[in-house]
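Heads up, the thing below is written out as structure tokens.
Here it is in structure tokens:
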């Protein structure tokens, strides 16, 4: 929202880096402090003091525990996410390029996408048991749809003038794919990947809650079942932290890869 | 595509004619998909214990629909979905408007929103189990947490899109806060809100089913879990198909509502939401 | 060099057809600069796309160097009107100019770099090689598109209303640029426009198209001196005469086609955006 400059009280907070830092960190610090203070004397089993949670967390999440529980989870997620990305883009390019293929597959794809991904866990357990394969397959089968459908949209929306330019200059085959189709669809592909990432995290946790012998989701549920409440809380915080971290990494990659797109949009908005 | 795009007239004609053909092709694709599932187990490519043929899934579905418990479960799922979506939408719109109106609040909350949004709501499952057990409230906790951010973020985008000139005009005419919300901010933000509700509707269904499946809150998800543990494989597939159909209906309905509100506002806003 | 023979193009829809071009016959000699002018909606773009091999004619043919055009022929470069949509926004200016060259197998990397540099220099854009197209003004973007065509070393250069969307001053500069490049490179240019002044100023010959259903209304040789500039050429009485001729032809075409009616509009309707 744009406010008139005159209405802004400039004396209170000068526009500096310090001000921005304060605004960015202020509320999180305040919230953490409030949680700390309010929960400090808590005797409620379910709501242990934040201090206890953090202290327990330091004891629980040792290097060993991280290698046995966190690393496998993250690895499954990354493998599944990458595979879904490659598969989704490849199929999406094929379906998006041939209108007839798209017409035939569209209703089926709409249906498969609409199936809530977590219900795939029991289905895939039938085929793939309860090992790592099952978890990776679950993640792939949940993440692939948003990537695929967004790629189809992106490939279809290639600008007709750009396509004719490429044709007129003899840019065809793989060069067309590399220089025209994929870059042109990349904003949509990234939108699909972002959706896929959050679905992937959900499926990582759920597949481990269902059946596993290690992993973050498994650990958190174990703590809850054995009423190790501060440990459980520390696990929840760790899961949240992982989600935030993945989102940050993804955003950094997206900003780099789509620098041209954001620049283009900015230039259109100002002109 | 390239050929048809030369000018408006012929391509329009082509598209209208293609619409009916595409529907037929889509129907053929759907039939092919069902036939494939029928054939794979019958021809021995997969075990019918893992993937039963379409016909036995259909039979199981028919049996399910004649069972009153199925309809109760369906009702429970839809209740959790609708209630969660409603709460999340109301909370998201209110919070979004407050954040946009109060000076400094937008900047002060930006980092917090960015931090809380990617926290997977399934991380709250153990907490929900402890606090509410297999109650509907468990479902609501997960649904509301996941759906709230979708609405909130779209409201913030939408209000940011407000024409500064309209804002200034409203101010210079001395419109109060309420009048500004009603006549300037809300109309601009409405299409974005609709986009947010569409996204939230899909997410809500996923989380409602998840809560039922993992926690055991009553609903279709819990029924799937029961079918799984009792090895009623065709029933499980039938229920999975039902959740998919609900998803299709929710997507189609939400898209129709969104399109209507977009068409209404096309004259007001230039660009389609990000 | 380039022959358009009895070209006809009909867009077929379901149960409806639109005849964009009825019957076009004309030809270009090697090294000639010919402008095609006609009222809006007379199928100029369709003509250009058929010549570029981007569209298949319904009947008739386009023959380039004795070979019938069935797809985009090598050695033909195209500059489109929509500069904002014909440059690849994810590529820097340098890569945009280089991309078509990378499809030519016999051009080495060093040679490519040389061609790109030379082409950017020729259009006066030495310093923008590292910029993205959308960081440039409209006129500069169209210069990049021209540089891309120049670097391609074409025998035939096709231009589809390339300056219809830039402001008047930029347009005058770009028109001079096209004349200069044509003289320097000895390339055959087919320049399509709806602007009568532009057609007469640029061309050695002007092909006037009728309004739809489109046929060749008239061909005029522009006997203006080879050295042209906006100040003197446009003040030349011969320029005014030619322009009036073209204008009358277009009006006659419209009356003949029964579109414009008996009363001629006061202004040429060609000054459309």
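Protein chains in written order, with our numbering: chain Y, 108 to 378; chain A, 84 to 357; chain L, 82 to 354.
All C-beta atoms in this analysis are idealised placements derived from N, C-alpha and C, irrespective of residue type, glycine included.
Asked                                                                                                                                                                                                 : Found
DSSP has residue 104 of chain L in a bridge; who is on the other side?                                                                                                                                : L/296
Hey, is the stretch 294-309 of chain Y in contact with the stretch 251-264 of chain Y, meaning 3+ C-beta pairs nearer than 8 angstroms?                                                               : yes
For the beta strand (DSSP E) containing residue 116 of chain L, list its first residue and its last residue.                                                                                          : 114-118
For residue 79 of chain L and residue 267 of chain A, I'd like the C-alpha separation in whole angstroms.                                                                                             : Limits of chain L in this structure are 82 at one end and 354 at the other, which puts residue 79 of chain L out of reach.
For chain L, find out if any of its Cβ atoms is closer than 9 angstroms to the Cβ of residue 368 of chain Y; answer yes or no.                                                                        : yes
With which residues is residue 98 of chain L paired in a DSSP beta bridge?                                                                                                                            : L/93
Tell me, to the nearest whole angstrom, how far the beta carbon of residue 295 of chain L is from that of residue 105 of chain L; I am working on the premise that it is less than 8 angstroms.       : 7 angstroms
At a Cβ threshold of 9 angstroms, is residue 362 of chain Y touching chain L?                                                                                                                         : no
Reducing DSSP to helix, strand and coil, say where residue 97 of chain A ends up.                                                                                                                     : Its pLDDT being 45, under 50, residue 97 of chain A is placed unreliably in this model, and the coordinates cannot settle the point.
Does the pairing of the stretch 169-189 of chain A with the stretch 279-290 of chain Y give three or more beta-carbon distances under 8 angstroms?                                                    : no
Given that residue 109 of chain A touches chain Y, what residues does it touch there, using C-beta distances under 7 angstroms?                                                                       : 210, 211, 213 and 214
Kindly list, in the order they appear in chain L, the residues whose Cβ is closer than 8 angstroms to that of residue 278 of chain Y.                                                                 : 180, 181 and 184
Which residue comes first and which comes last in the beta strand (DSSP E) that contains residue 268 of chain L?                                                                                      : No beta strand (DSSP E) contains residue 268 of chain L, which DSSP labels as neither H nor E.
Alpha carbon to alpha carbon, how far is residue 293 of chain Y from residue 369 of chain Y? Give it in angstroms, no decimals.                                                                       : 12 angstroms
Between residue 135 of chain L and residue 275 of chain Y, which are expected to be in contact by the criterion C-beta below 8 angstroms, what is the C-beta distance as a whole number of angstroms? : 6 angstroms
Using C-beta distances below 6 angstroms, list every residue in its chain close to residue 163 of chain Y, excluding the 5 sequence neighbours before and after it, in chain order.                   : 337, 338 and 341
Is DSSP giving residue 111 of chain Y helix, strand or coil here?                                                                                                                                     : Bear in mind that a pLDDT of 42 at residue 111 of chain Y, under 50, signals an unreliable position, so the number given afterwards is only what the model happens to contain. Three-state result, residue 111 of chain Y: coil.
Is it right to say residue 88 of chain L is buried, meaning 16 or more other beta carbons lie within 10 angstroms of its own, or is it exposed?                                                       : buried
Counting contacts by CB-CB distance shorter than 9 angstroms, is residue 271 of chain Y in contact with chain L?                                                                                      : yes
Counting only beta-carbon separations shorter than 9 angstroms, does residue 300 of chain L have a partner in chain Y?                                                                                : no
Would a C-beta distance cut-off of 9 angstroms place residue 239 of chain L and residue 160 of chain L closer than the cut-off?                                                                       : yes
Under the DSSP definition of a beta bridge, which residues are partnered with residue 148 of chain L?                                                                                                 : L/145
Run through DSSP, which three-state label would residue 315 of chain L get?                                                                                                                           : coil
Would you please state the rounded distance, in angstroms, between the beta carbons of residue 321 of chain A and residue 121 of chain A? I believe it to be under 8 angstroms.                       : Wrong, their Cβ atoms sit about 14 angstroms apart, outside the cutoff.
Looking at the strands, I want to know which residues DSSP matches up with residue 140 of chain L.                                                                                                    : L/89
Are there 16 or more other CB atoms within 10 angstroms of the CB of residue 357 of chain A, so buried, or fewer, so exposed?                                                                         : Reliability fails at residue 357 of chain A, whose pLDDT of 36 lies under 50, so the model's placement of it is uncertain and no value is given.
Would you be able to state if there are at least three C-beta pairs under 8 angstroms between the stretch 114-123 of chain L and the stretch 282-301 of chain L?                                      : yes
Can residue 123 of chain L and residue 290 of chain L be called in contact, C-beta distance under 9 angstroms?                                                                                        : yes
Along the chain, where does the beta strand (DSSP E) containing residue 240 of chain L start, and where does it finish?                                                                               : 237-241
Entirely within the stretch 121-162 of chain Y and at least 4 residues each: give me those alpha helix (DSSP H) ranges in chain order.                                                                : 124-146
Using the beta-carbon of each residue, which ones in chain L are nearer than 7 angstroms to residue 268 of chain Y?                                                                                   : 161, 163, 166 and 167
Can you list, in chain order, the residues of its chain whose CB lies under 8 angstroms from that of residue 212 of chain L, leaving out five sequence neighbours each side?                          : 173 and 174
According to the Cβ coordinates, are residue 162 of chain L and residue 154 of chain L closer than 9 angstroms?                                                                                       : no
In this structure, does DSSP put residue 266 of chain Y in helix, strand or coil?                                                                                                                     : coil
Which residue marks the beginning of the alpha helix (DSSP H) containing residue 166 of chain L, and which one marks its end?                                                                         : 164-167
Output the distance between the C-alpha atoms of residue 244 of chain L and residue 158 of chain L, rounded to the nearest integer angstrom.                                                          : 16 angstroms
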